[in-house]
Amino acid sequence: MPALAGSLLALSACNKEEAAPTNAQTNNTSLLSREGGYEVVNGRLAFKDTAAFRVTMDKLVAGDMTEVRQWDEANGIASLREKYDRLESDTVNEVSIDQLAESGQLLWVPDARFASVLNEAGVVQVGDKIYKIEQHTGHTVPANKEELLINASWTSPEVENYEIKFEFSKEDNRPLTTVTDPSTGTPVLMRQGDLPWGQTEESTEVDINGNTLPKTWNGRPTRLKCIQWKVYWLVYNSIGMKTRYQKKTRAGWWSAIDASWIKCGGTFFYTLPVVPYGLLRLATGTDEKQDDDVVEKTLFWTSVANIEVAASHSGHWATYKGAQAYKRM
48 MPALAGSLLA LSACNKEEAA PTNAQTNNTS LLSREGGYEV VNGRLAFKDT
98 AAFRVTMDKL VAGDMTEVRQ WDEANGIASL REKYDRLESD TVNEVSIDQL
148 AESGQLLWVP DARFASVLNE AGVVQVGDKI YKIEQHTGHT VPANKEELLI
198 NASWTSPEVE NYEIKFEFSK EDNRPLTTVT DPSTGTPVLM RQGDLPWGQT
248 EESTEVDING NTLPKTWNGR PTRLKCIQWK VYWLVYNSIG MKTRYQKKTR
298 AGWWSAIDAS WIKCGGTFFY TLPVVPYGLL RLATGTDEKQ DDDVVEKTLF
348 WTSVANIEVA ASHSGHWATY KGAQAYKRM
């Protein structure tokens with residue numbers, strides 16, 4: 048996808064070039080992106096307006112993760128997604144990134160596209176509003192009142208506070224049913240009903256033949272981890288899926304390890320609270336890579352708050368040392 052990759056890099060190249068002489072994380076220097084519709088202000092991305100934010104997010108959602116990483120590395124901020132990569136690769140950690148997230152010590156945004164536009168503190172600006180994202184709370188601060196953000200003055204009448212619903216669900220308990228695909232008219236076996244807000248995950252430690260998945264060179268067990276998400280972050284809401292391949296460390300937690308091949312693919316039927324109400328919409332897609340530990344696909348994003356999933360299914364695959372693992376959610 049060279050054209051798409053070029054357009055993503057064009058959005059961030061000017062930020063990278065102009066950011067070099069100064070430290071945008073520690074001073075008030077504003078670095079204007081001539082082409083991307085955003086600037087870097089005090090360590091956060093500040094989009095000119097909602098339209099500019101949508102242009103960037105549309106390109107990120109359409110791109111694959113290689114393109115997202117390239118854009119992220121050049122966008123001029125220390126992003127939340129980059130923080131995840133750093134924590135995942137830090138072999139001296141005593142706990143896993145999953146444990147940090149689930150214990151509330153780390154803001155967890157399962158959609159890497161949005162995690163790429165947030166800084167490490169969970170902050171992004173769109174137009175004249177600064178959005179501060181926390182796991183279960185969101186705050187909107189006027190851009191000309193940044194001191195409210197700096198001082199965490201959430202009780203100020205000028206700050207809007209929102210509840211964010213986010214759960215870590217360890218099993219998808221929705222009933223299996225046959226749904227007619229409106230685009231093809233064919234029956235499809237799917238999980239029926241809405242997903243909870245947050246992340247739903249399942250995993251398997253056996254291959255498609257029922258045998259235990261191969262261990263690493265030093266005898267550590269491995270597993271396939273499968274994720275679906277439905278998230279609401281005030282200015283960005285999305286549905287998607289992710290596949291991870293992991294090894295169990297001596298400390299007892301799971302960390303990333305490359306599979307020779309890894310894939311996710313699925314279909315979501317959903318509705319939105321917009322006219323025409325109740326219209327069943329379709330989102331489908333896949334992502335696969337060789338010699339990687341994770342693939343993911345954002346199937347749909349919107350600034351509308353309430354995405355309601357009617358039914359969904361996703362398949363998750365990986366090949367490790369010749370053994371193929373598969374799990375359906």
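With the working numbering applied, the sequence shown closes on residue 376, and no number is skipped along the way.
No residue lacks a Cβ here, since even glycine has one placed at the ideal position from N, Cα and C.
This structure is a prediction, so every number in the text was calculated from the model and none was measured.
Check	Outcome
Euclidean distance between Cα positions of Thr296 and Gly245	26 angstroms
Cβ shell of Ala215 (< 7 angstroms), same chain only, five flanking positions each side left out	The question names Ala, but residue 215 in the sequence shown is Phe. Closer than 7 angstroms at the Cβ level, and outside the excluded window around Phe215, lie Glu149, Gly245, Gln246.
Buried versus exposed call for Glu205 [16 or more other C-beta atoms within 10 Å across all chains shown]	exposed
Coarse secondary structure for Ser237, derived from DSSP in three states	The sequence given here places Met at residue 237; Ser does not occur at that position. Note: Met237 maps to strand in three-state DSSP.
Exposure label - Asn220; buried when at least 16 CB within 10 Å	exposed
Spatial distance of Ser163 from Leu134 (CA atoms)	15 angstroms
Separation of Asp334 from Val115, as counted between CA atoms	13 angstroms
Alpha-carbon to alpha-carbon, Asp254 and Trp300	20 angstroms
Nearest neighbour of Leu281, chosen from Asn122, Leu236, Ala109, His183 [CA to CA]	His183
Cβ contact check for the segment 154-174 and the segment 121-130: 3 or more pairs under 8 angstroms	yes
Among Ser307, Tyr292, Arg328, the one whose alpha carbon lies nearest that of Phe315	Arg328
Rounded straight-line distance, which links the Cα of Thr103 to that of Leu79	Since pLDDT at Leu79 reaches only 40, below the 50 mark, its modelled position is unreliable, and the value read off the structure follows with that caveat. For Leu79 and Thr103, the distance between alpha carbons rounds to 15 angstroms.
Ala159 - DSSP class collapsed to helix/strand/coil	helix
Inter-residue Cα distance where the pair is Asp111 and Gly332	11 angstroms
Burial state of Ala121 (16 or more Cβ within 10 Å)	buried
C-alpha gap between Lys262 and Asp340, whole angstroms	15 angstroms
When Glu248, Val173, Trp276, Asp305 are compared against Arg101, the one with the closest alpha-carbon	Val173
Cβ pair count under 8 angstroms reaching 3, the segment 147-161 against the segment 256-273	no
Burial state of Ala71 (16 or more Cβ within 10 Å)	Its pLDDT being 33, under 50, Ala71 is placed unreliably by the model, and the measurement read from it follows with that caveat. Buried.
Cβ neighbours of Leu153 in the same chain (closer than 6 angstroms, five flanking residues each side left out)	Leu147
Contact the segment 263-272 vs the segment 84-97: 3+ CB pairs below 8 angstroms	no
C-alpha gap between Lys310 and Glu218, whole angstroms	20 angstroms
Met288 versus Leu242: straight-line alpha-carbon distance, rounded	12 angstroms
Separation of Lys294 from Asp96, as counted between CA atoms	43 angstroms
Own chain partners of Ile180 with C-beta closer than 6 angstroms, once the 5 adjacent residues on each side are dropped	Gly169, Trp280
Separation of Pro323 from Glu248, as counted between CA atoms	32 angstroms
DSSP-derived helix/strand/coil call for Phe215	strand
Pairwise C-alpha distance: Ile354 and Trp348	9 angstroms
Among Lys212, Thr187, Phe213, nearest to Thr202 - alpha-carbon criterion	Thr187
Alpha-carbon to alpha-carbon, Ser350 and Gly90	23 angstroms
Short Cβ contact (8 angstroms threshold) for Ser143 with Met237	no
Thr263, enclosing beta strand (DSSP E) - first and last residue	No beta strand (DSSP E) contains Thr263, which DSSP labels as neither H nor E.
Alpha carbon of Ala352 to alpha carbon of Asn284, nearest angstrom	6 angstroms
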